[in-house]
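One structure is given here, and the rest of the page talks about it.
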Amino acid sequence: MSKVLSRGRTPQQWGLLAISLAVLVVLLFPVYWMIMTSVVPSKELLTSSPPLVPPADSASLDAYGEVLESRPIGLWLWNSTLVTLGTALISIVISTLGGYSLSRFRTKAQQAMGFTLLFSRMLPGTLLIIPVFVIFASAGMINNLWAVILVNVAATVPFTTWLMKGFVDAIPAEIEEAAMIDGCGRLRTLWQVIVPLLRPGLATTFTYACILAWGDFLFARTLMPNPSDWTITVGIASFIGEFSVDWSGLMAAGIMSMVPMLILFVFLEPFLVKGMASGSVKG
Amino acid sequence: MIALRRKLRRGLAVAAAAVLLAAAGGCGPSTEDGKLVLEFPSWQADDESFSPFWHELIAAYEDAHPDVDIDFYQVPFDSFVAQQTTRFAAGDPPDIVHLPSSNAVEFAARGWLAPLDEWLAGTDVLGTWTQLQEQMKWDGHYYGLLLLGYGYALFYNEQLLQQAGVQVPKTPEQLLTAARAVSAKQGDSFGFGATTVQNPDNYTELTSFLVGNHASWSEPDGTITADTERARTALEQYREVLATAPPGIQSQQRNELFLNGQIAMLIDGPFLLSEVEGASPEVREHLKVTAPPFDVVPGGVSNSLHIPAGAEPEVADAVWDFVELASQPRWQERYTQLTGVPAPREGSVTGQALAETPELELFARLADEAVDIFPESPQLRRNYGRVGDAVAAAAIRLIATDLPVAQVAQSLQRDLEGVGDD
Amino acid sequence: MTDVLTHAPTTQPSPPKRRRSRAQRDRIFAWSMLTPTIAAVGLLMAYPIYIAINLSFRGGEIADLQNLGQYPLTLGNYADVITDPQLLGDIWRSIVYTVGVVVPAFAIGLGLALLLNKTFPGKRIVRPLALLPWAVPGVAVSAAFSWMLDGSFGVVNYLLRSVGLIEQNVAWLASSDTAMTAVIIPTVWKFYPFFTLVLVAALQAIPGDLYEAARLDGASAWQQFRYVTWPALRAPAALAIVITGVGVFREFDFIFPLTGGGPDDATTTLAVRIYNEAFEYFTFGASAAIGVVTMVIAGALLLMAGRSVREGMN
């Protein structure tokens, strides 16, 4: 939204920044404490009055060095990236088509199918995991990235399809009707007229699919038990041992696992900022 | 995607699913370059104290069996049993089965493990193994080879006890006095350490008190004995001692506090020693271990090796060769030396091992005397998960509520009597 | 994606050859657009759901899910599950957990979205940071919170003591009174950014001139929200609530590592119960029966919610 009026910063804007920062301090405290745990020895944190900032004499980044050295964290991140990108790309294509269909064609059967999709997500994954394992074991696809991608797509698509439907709903049907009168086919209209208008929606849905796939633990640990195929979540879980938890290592790995998604959020920004829909709807 | 869509529209979806599903059957032994590959998932493959033994054993096995490879890999402990459950229920178990022994009977009772009696008969295992090997028995058959059975020991921080002016306890009463004395002191130290959130570890901790007091949850004939006089005494002791423990923590946090020098005493198996070695030097020198402060030494079984039911004979034989190798005196001695805990074969503690880990003498004695904390009733053994939950719930009532002990004991008695009815 | 869609027009039946009515063509088109979704979900979810339902009708000591035919058919699992007084408690706790997560998560998400829709310096940095909790994998979230909620030296206790809200340390995860709150907090923390993102995207789509018109009419800030902002947010908000609600209702990743369903079942939701029955007690039939009951309950709740969602969307 481009506000032409305010070039300079008004006191009100500084006020908003102050409020935002205050909110962030509260909301991001758990992340801050994860960082604290990764740089301060547990002995100093496990007291009745722990320090709230890293003490200069004992804080160190050793945990990161140790994790990077002793664990294949790069490999875990890479595996997670492949699973996440595969899942998100397939999901976004499928759910754009499906969401458009659910939004624009509202027969009883279509709506029932849309409901059934959501319904399929009602069973907890823990109940489905054994049959899912049977499928991929039968197909010889254990320790295969595609197995995890496919099952993540199946788990994600019911949600992303509905999400896309919501975003398509927000686009007036007159726009594409006009395009079709101009002689465009339906798919062409979707691609050339609707998809550009859907950019914030696509970005949102893509991010959503990425987050689900990035955070998946159950499917990854069950279908890719081989350590060379571990994703970052399985890697993080491996810091929890039988007798002890490597807290600083776990938190260091946890912090590192956020970075790719944070980068994704930053890339997402321009898609959200451009209020494309507003301009085009009018025209 | 479009191509796929067209296919699907022509009704090939069904076929595609069928292909994916019906591609089953290729379940023969997996081979690579004509070699037999034995899959061996374990939560100890990355473990600092146990993995060196496994790697040596596997190397020796592969030297003796040039046509067999062992694929030994790590599965995080947190999800290990769930992962194995998934695989067994899906009919695709690993070849070499390594289990936490508390789950072994549950797996055996579901027909997932092969009986080892015939193989064991050809060895001296049954004559030379610790009594705790009996925990591998279900319905008259042995379903596994116990790798570690132990007696619980009292780990303590000598400095904290001295500062509080108390001796190392030898009876439950002294334990309570000592724990209270430490907790009463100023500062962030606790007299006793335990798991104080609901967790399977509650079972082992509470049951140690129980067995230590000559009590048990059940008799071998299935009678439940959770509400006897002795059991109530044990529950009362547990409650009082745990009142001195840091609240709301899990066992890993408990260990962390002990290693940081903030907990004076805790009761655990000999494997904790390797964690203790990791404490910072100024704390490590004060950490000692002795016999538990009970008349009876409570004991447990840690982990064991098994062969899956229905394995191809060729695979089963190869797996047995591996199990058998692990049971040989040479490897049992090696196990003791490398891990610092006494292996289950009689006489596995060598002079050399003792020189490296003096505590082994104590551990070996405790393991010999140990009375197992696992329930004796077959009904409870095959439903250990449910028993563990019921006991953990009772433990948490003792820790976090004011319910009278009698009431907790009664409701636990009822819960345990109901186990296996459904 | 480009590839897929530019090639797509070839799949359109060409009008001159096949004479079909507009409605017929629309229907075919509509379904073919939905087919990839159905295929993706159907291929991988249909079989597991079929197994789960089949399993729920099987008796005996079930140990082999690939050959369920060998076990006798029975209604016993349902009889056991439905007559078990614990089931009502599980359902109630699932609802408490779901509502307890969705309501605060939505409130935080909405508040943040409104804030982040304003113009202020540094917004480009603030916005991704506000979404950061979403980036933390569930495994790390539960580990971090079990560390922070530690009843002895957890930092949460320290902070609350420092500001005087509590006097004594609270064993958050060990007491039946606080355990549900203690598992709701990390779940809220993980889920609010989704609302923020969806609502920010929706706010961006509101034409700015609507606000200008409202201002010219002398509308107050509240009236602007009530008559301009909220109508535009209603549909996406309803959708996001349903999606999150479905997700949270069957959520397991936060409760199980933190409390395992304890203490004394205080956090045993249907999802935790299903897991425990299958993976702790090995009663697969009962687990599946609870799963089917869950599906029915959740479906009913969804249908009820569906009405308000439809109203919200149309």
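Protein chains in written order, with the working numbering: chain A, 2 to 284; chain B, 2 to 423; chain C, 842 to 1155.
Idealized CB from N, CA, C, for every residue including glycine.
Inset, instruction - Go through its chain and collect everything with a Cβ distance to L177 (chain B)'s Cβ below 6 Å, but skip five positions before and after it. - result: E241 and V242
Inset, instruction - Pair every Cβ in the segment 42-54 of chain A with every Cβ in the segment 193-204 of chain A, then say whether three or more of these pairs are closer than 8 Å. - result: no
Inset, instruction - Let me know the beta strand (DSSP E) ranges lying completely inside the segment 254-291 of chain B, each 3 residues or longer, listed in chain order. - result: 264-269 and 288-291
Legend entry - V922 (chain C) - containing alpha helix (DSSP H), residue span: G917 to T924
Inset, instruction - Would you give the residue range spanned by the alpha helix (DSSP H) that K959 (chain C) belongs to? - result: Taken as a continuous stretch (DSSP letters only), K959 (chain C) belongs to no alpha helix (DSSP H), as it is neither H nor E.
Inset, instruction - Give a yes or no on whether 7 Å exceeds the smallest Cβ distance from P1077 (chain C) to chain A. - result: yes
Legend entry - Cβ-based neighbour list, Q238 (chain B), same chain, cut-off 6 Å, excluding 5 preceding and 5 following: P173 and F210
Inset, instruction - Return no unless some Cβ of chain A is closer than 7 Å to the Cβ of T87 (chain B). - result: yes
Legend entry - Per DSSP, cross-strand counterpart(s) of A142 (chain B): Residue 142 (chain B) is actually His in this sequence, not Ala. Per DSSP, B:W139.
Inset, instruction - Kindly list the residues whose CB is nearer than 6 Å to the CB of Y204 (chain B), restricted to its own chain and excluding five residues on each side of it in sequence; keep chain order. - result: G389, V392 and A393
Legend entry - Coil, strand or helix - R899 (chain C) by DSSP: R899 (chain C) carries a strand assignment under DSSP once its states are collapsed to helix, strand and coil.
Inset, instruction - Return yes when the Cβ of G1126 (chain C) is within less than 7 Å of the Cβ of N908 (chain C), no when it is not. - result: no
Inset, instruction - Could you have a look at H56 (chain B) and say whether DSSP puts it in helix, strand or coil? - result: helix
Inset, instruction - Measure the Cβ-Cβ separation of N98 (chain B) and D70 (chain B) and say whether it is below 7 Å. - result: Rather than Asn, the amino acid found at residue 98 (chain B) in this sequence is Val. For V98 (chain B) and D70 (chain B), no; Cβs fall outside 7 Å.
Legend entry - Where E285 (chain A) sits in the DSSP three-state scheme: Residue 285 (chain A) lies beyond the residue range present for chain A, which begins at 2 and ends at 284; the question has no answer from this structure.
Legend entry - Where A407 (chain B) sits in the DSSP three-state scheme: helix
Inset, instruction - Tell me, please, whether the segment 1023-1035 of chain C touches the segment 1043-1052 of chain C by the rule of three or more beta-carbon pairs shorter than 8 Å. - result: no
Inset, instruction - Answer yes or no: does any C-beta atom of chain C fall closer than 7 Å to that of L263 (chain A)? - result: yes
Inset, instruction - Consider the Cβ of G92 (chain B): report whether some Cβ of chain C lies at a distance smaller than 7 Å. - result: yes
Legend entry - Same chain, Cβ closer than 8 Å to L76 (chain A), five either side skipped, listed in chain order: S229 and W231
Inset, instruction - To the nearest angstrom, report how far apart A110 (chain A) and A1139 (chain C) are at their CA atoms. - result: 21 Å
Inset, instruction - Indicate whether I182 (chain A) and S81 (chain A) have their beta-carbon atoms separated by less than 7 Å. - result: For I182 (chain A) and S81 (chain A), no; Cβs fall outside 7 Å.
Inset, instruction - Answer yes or no: do Y143 (chain B) and G270 (chain B) have a C-beta to C-beta separation smaller than 7 Å? - result: no
Inset, instruction - Pull up the DSSP beta-bridge partners for E357 (chain B), would you. - result: DSSP output for E357 (chain B) lists no bridge partner at all.
Legend entry - Local conformation of S295 (chain A) per DSSP, three classes: Chain A is shown only over 2 to 284; residue 295 (chain A) falls outside these bounds and no answer can be derived.
Inset, instruction - Say whether chain A places a C-beta atom closer than 7 Å to the C-beta of P850 (chain C). - result: Residue confidence is low: P850 (chain C) scores 38 on pLDDT, short of 50, so the model does not pin down where it sits. Its coordinate-derived value is still stated next. Yes, P850 (chain C) counts as interfacial toward chain A.
Legend entry - One or two residues paired with R346 (chain B) in a DSSP bridge: Paired residue(s): B:W130.
Inset, instruction - Would you tell me roughly how many angstroms separate the C-alpha atoms of T852 (chain C) and V982 (chain C), rounded to the nearest one? - result: Residue placement at T852 (chain C) is poorly supported in this model, since its pLDDT is 41, which falls under 50; the coordinates are not used for a value here.
Legend entry - 7 Å Cβ shell around F1097 (chain C) - same chain, five flanking residues per side excluded: V1113 and Y1116
Inset, instruction - Could you name the residues of the same chain whose beta carbon sits closer than 6 Å to that of T351 (chain B), not counting the 5 residues immediately before and after it, in chain order? - result: Excluding sequence neighbours, T351 (chain B) sits near E334.
Inset, instruction - Give the DSSP-derived three-state secondary structure of L910 (chain C) in the structure shown. - result: What sits at residue 910 (chain C) in the sequence shown is Gly, not Leu. Three-state DSSP puts G910 (chain C) in a helix.
Legend entry - Stretch pair the segment 19-31 of chain A + the segment 965-978 of chain C: three plus CB contacts closer than 8 Å: yes
Legend entry - Contact list for D1094 (chain C) against chain B, beta-carbon separation under 9 Å: Those do not exist, as D1094 (chain C) stays about 12 Å from chain B at its closest Cβ, beyond 9 Å.
Legend entry - Local Cβ density within 10 Å of I892 (chain C), reported as buried at 16 or more and exposed below that: I892 (chain C) is buried by the Cβ-count criterion.
Inset, instruction - Could you have a look at A1060 (chain C) and say whether DSSP puts it in helix, strand or coil? - result: In the structure shown, the three-state DSSP call for A1060 (chain C) is coil.
Inset, instruction - Have a look at L69 (chain A) and F51 (chain B) and give me their C-alpha separation to the nearest angstrom. - result: 23 Å
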